[in-house]
Amino acid sequence: MPLNTTLQCATGEYSLFRYPKNQHDAALQAWDSADELVIEYVANTYPAEKYITILNDQFGAIATALNQFNRVSVTDSRVSELATIQNGAENKIVDPIFCNSLEPIPSRDVVILKLTKSVAYLQDQLQLLAQNNKAVEIVACGKTTQVTSKIMSIFEKYCDNVKTSLAKKKSRLIFGTLKSNGTSEPEISPVEDRLNYIEWPEQGIQIGAYANVFSHDGLDIGGRFLAENLPTFTSDQKVVDLGCGNGLLGLAVLKQTTQSETPISLRFVDESYMAVESAKHNIAQTFPDEFSRCDFIQDDCLTKQKAECVDVILCNPPFHQQNTLTEHIAKQMFRQSLLALKPGASLYVVANNHLPYQSYLKKMFGGFKVHAQNKKFSIYHCIKRA
Ligand SMILES: C[S@@+](CC[C@H](N)C(=O)[O-])C[C@H]1O[C@@H](n2cnc3c(N)ncnc32)[C@H](O)[C@@H]1O
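full-length UniProt numbering puts the first residue of the sequence shown at 1, with every later residue one more than the last.
Given below as structure tokens:
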């Protein structure tokens with residue numbers, strides 16, 4: 001079936017694409033039936049003078065289709081922000097105001113919340129909304145499989161009058177009104193209170209992560225395998241932790257290089273704002289003396305990185321985009337790593353043995369070596385040809 005890029009809905013017809021627009025696995029639509037359901041409900045229920053806040057709009061379908069409203073879009077994802085901008089331009093629509101996931105959520109008339117994979121992130125967002133202490137209406141949307149009793153109990157904790165819609169095309173809405181205690185002063189807790197801490201006993205490090213960070217309540221075993229099998233670094237190398245999450249690879253590099261007195265500079269890159277801020281927090285806590293040698297960038301892979309100036313890239317690439325299995329992000333990471341590395345410099349990739357990355361790495365780098373391997377994971381070492 002050809003890819004459907006035209007959303008027909010209560011407010012009109014829109015061309016919508018995932019980001020990046022011409023990605024290889026283009027067989028995927030830029031919106032789903034949960035987006036359609038919430039767009040229809042909000043367009044038919046609220047007058048256009050209302051101010052709406054949209055949380056977790058994945059590729060900007062909701063912000064685009066509800067463009068008659070004054071919109072704020074709250075997202076943790078640089079890719080979602082870029083998709084929303086791309087689809088706004090495609091349909092000649094003014095961008096919403098963007099807000100990142102750690103900022104207080106502006107209090108407006110209606111909140112539209114798209115459910116994501118992370119229950120912790122939902123809890124974090126509702127907690128943050130509750131801090132405004134205003135009885136604002138929430139309309140959440142998701143797949144029927146996401147609307148579990150656990151999710152409903154989280155809504156009931158923060159909202160009154162919680163109920164759901166009938167299911168339509170396997171999606172459902174959740175309605176509620178945020179609880180308010182009637183006082184005018186909002187209680188805002190410090191951002192650091194939103195970190196969840198886990199221990200990394202082998203390294204003697206405590207790692208904090210905000211709610212939407214990959215592996216937020218545990219350490220990823222693939223990442224750990226690479227952290228335990230790092231290459232040896234030499235002084236003054238420029239190293240990148242690509243797709244840094246909580247920053248565990250960079251933390252392991254700093255542990256090794258500070259012990260051997262090999263000062264390096266280190267860049268942490270992730271498309272998730274919460275990931276970048278978690279990595280920043282972890283370096284400041286654990287290696288305060290090395291903090292000035294580090295920088296922290298929210299980017300779609302290495303789009304902002306200058307060419308040919310990096311010595312080593314460490315990468316535990318994602319193989320999902322939200323609920324969808326995809327290789328396009330890993331491939332973009334490899335392709336942009338090749339551009340970013342100096343001639344003769346190295347990319348180390350850790351991946352599950354069943355993932356088909358060898359052929360891509362061979363094609364892009366002309367070959368690779370297996371740096372380490374166990375039953376589940378391999379670490380591939382690729383060198384950029386001089
Ligand atoms: C498998 S996790 C690895 C996290 C961490 N390095 C570890 O080893 O535990 C992949 C990371 O890539 C990030 N990511 C996903 N898409 C990205 C993109 N387009 N650009 C940059 N980072 C991305 C995710 O947010 C996630 O933190």
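Ideal placement from N, C-alpha and C gives every residue a C-beta, glycine not left out.
- Going by DSSP, N44 is part of the alpha helix (DSSP H) stretching over S33 to T45.
- By the beta-carbon neighbour count (other beta carbons within 10 angstroms, threshold 16), G250 is buried.
- A direct Cα-Cα distance of roughly 27 Å separates N4 from T53.
- The DSSP assignment places complete alpha helix (DSSP H) segments of no fewer than 4 residues inside the segment 191-262 at 221-228 and 248-259, in order along the chain.
- Shortest Cα-Cα distance from L7 to any of P20, N56 and T64 involves T64.
- Counting every other CB atom within 10 Å of its CB across the protein chains shown gives R385 a total below 16, marking it as exposed.
- Between ligand 1 and R18, a heavy atom-to-CB distance of less than 8 Å is absent.
- For I283, there is no enclosing beta strand (DSSP E); the residue is part of the alpha helix (DSSP H) that begins and ends at Y273 to T286.
- By the C-beta criterion, the segment 345-357 is judged to be in contact with the segment 225-235, since at least 3 inter-stretch pairs fall below 8 Å.
- The closest CA to that of L341, considering only F365, H354, E327 and G182, is found on F365.
- DSSP, read as helix, strand or coil, puts D289 in helix.
- A distance criterion of 8 Å places the beta-carbon of F214 in contact range of ligand 1, judged by its closest non-hydrogen atom.
- Between ligand 1 and the CB of V312, the shortest heavy atom gap is not smaller than 8 Å.
- Comparing alpha carbon positions, the residue from K21, V139 and L115 closest to I85 is K21.
- In this structure, L254 lies near T286, with their beta-carbon atoms less than 9 Å apart.
- Counted as a single uninterrupted DSSP element, the alpha helix (DSSP H) harbouring Y121 occupies residues V119 to A130.
- Residue pairing from DSSP places S346 in a beta bridge opposite V312 and I383.
- Counting C-beta pairs closer than 8 Å gives three or more between the segment 208-218 and the segment 118-138, which meets the contact rule.
- With distances taken between CA atoms, W200 lies nearest to A252 out of N161, R194 and A252.
- Nearest to N70 by C-alpha distance, out of G344, P263, S260 and V94, is V94.
- With fewer than 16 other Cβ atoms inside 10 Å of its own Cβ, N161 counts as exposed.
- The Cβ atoms of D241 and R267 sit closer than 9 Å to each other.
- Between N181 and N132, the C-beta spacing is not below 9 Å.
- Approximately 23 Å separates the beta-carbon atoms of A330 and P343; this is outside 8 Å, ruling out the contact.
- Judged by beta-carbon spacing, K376 lies beyond the 9 Å limit of I151, meaning their Cβ atoms are not closer than that value.
- Cβ atoms of Y19 and F59 come within 8 Å of each other, at about 6 Å.
- Shown here for C382: same chain residues with a beta carbon closer than 6 Å to its own, the five before and five after excluded, namely L347, L361, F365 and F368 in chain order.
- Annotation for S107 indicates a beta carbon at 8 Å or more from all heavy atoms of ligand 1.
- A straight line joining the alpha-carbon of A43 with that of T11 spans about 7 Å.
- For K306, the number of other beta carbons within 10 angstroms of its own is below 16, and it is reported as exposed.
- Per DSSP, A10 lies in no alpha helix (DSSP H) and is assigned neither H nor E.
- The beta carbon of E137 sits closer than 6 Å to those of V110 and T177, all from its chain and outside the five residues before and after it, given in chain order.
- For S272, the shortest separation between its Cβ and any heavy atom of ligand 1 lies below 8 Å.
- In this structure, V119 sits away from S101, with a CB-CB distance that is not shorter than 9 Å.
- In terms of Cβ geometry, S165 and Y41 form a close pair [threshold 9 Å].
- Burial check for Y380: the Cβ neighbour count within 10 Å reaches 16 or more, so the residue is buried.
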